[in-house]
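Input: a single structure, listed below in structure tokens.
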């Protein structure tokens, strides 16, 4: 098997992969396998220590994915607006 990525890149990929939740792990592995050619699913599954079925499931999820443009925060979340100083004229 050829190794398309350098060892330091593989190490960073694995570290990043391990920091993700299960759903995002599947999707990340799927995206990485899409970047490469023949044999990429086996290479990525060996590199990230995941089952090839996981990558196939991630590919399926990505094709069915609808973008959620509403954002992650709950209504009212985030920074609160600062009140205007009393001497500000509108």
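Numbering (our numbering), first residue to last: 36 to 125. Idealized CB from N, CA, C, for every residue including glycine.
Our contact map puts residue i next to residue j with C-beta atoms below 8 Å; I'd like the distance itself, whole angstroms only.
i          : j          : result
residue 82 : residue 57 : 18 Å between Cβ atoms; not a contact.
residue 49 : residue 85 : That belief does not hold up - the Cβ atoms of residue 49 and residue 85 are roughly 10 Å apart, past 8 Å.
Under a three-way DSSP split, which group does residue i fall into?
i           : result
residue 118 : coil
residue 40  : coil
residue 67  : helix
residue 82  : helix
What are the start and end residues of the alpha helix (DSSP H) that includes residue i?
i           : result
residue 109 : Residue 109 -> no alpha helix (DSSP H), and no H or E assigned at all.
residue 93  : 87 to 99
residue 72  : Here residue 72 belongs to no alpha helix (DSSP H), and DSSP marks it neither H nor E.
For residue i, which residues in the same chain have their Cβ closer than 8 Å to its Cβ, ignoring the five residues on either side in sequence?
i          : result
residue 89 : 60, 61, 64, 80
Tell me which residues share the same chain as residue i and place their Cβ nearer than 7 Å to its Cβ, disregarding the 5 neighbours each side in the sequence.
i          : result
residue 96 : 61, 62
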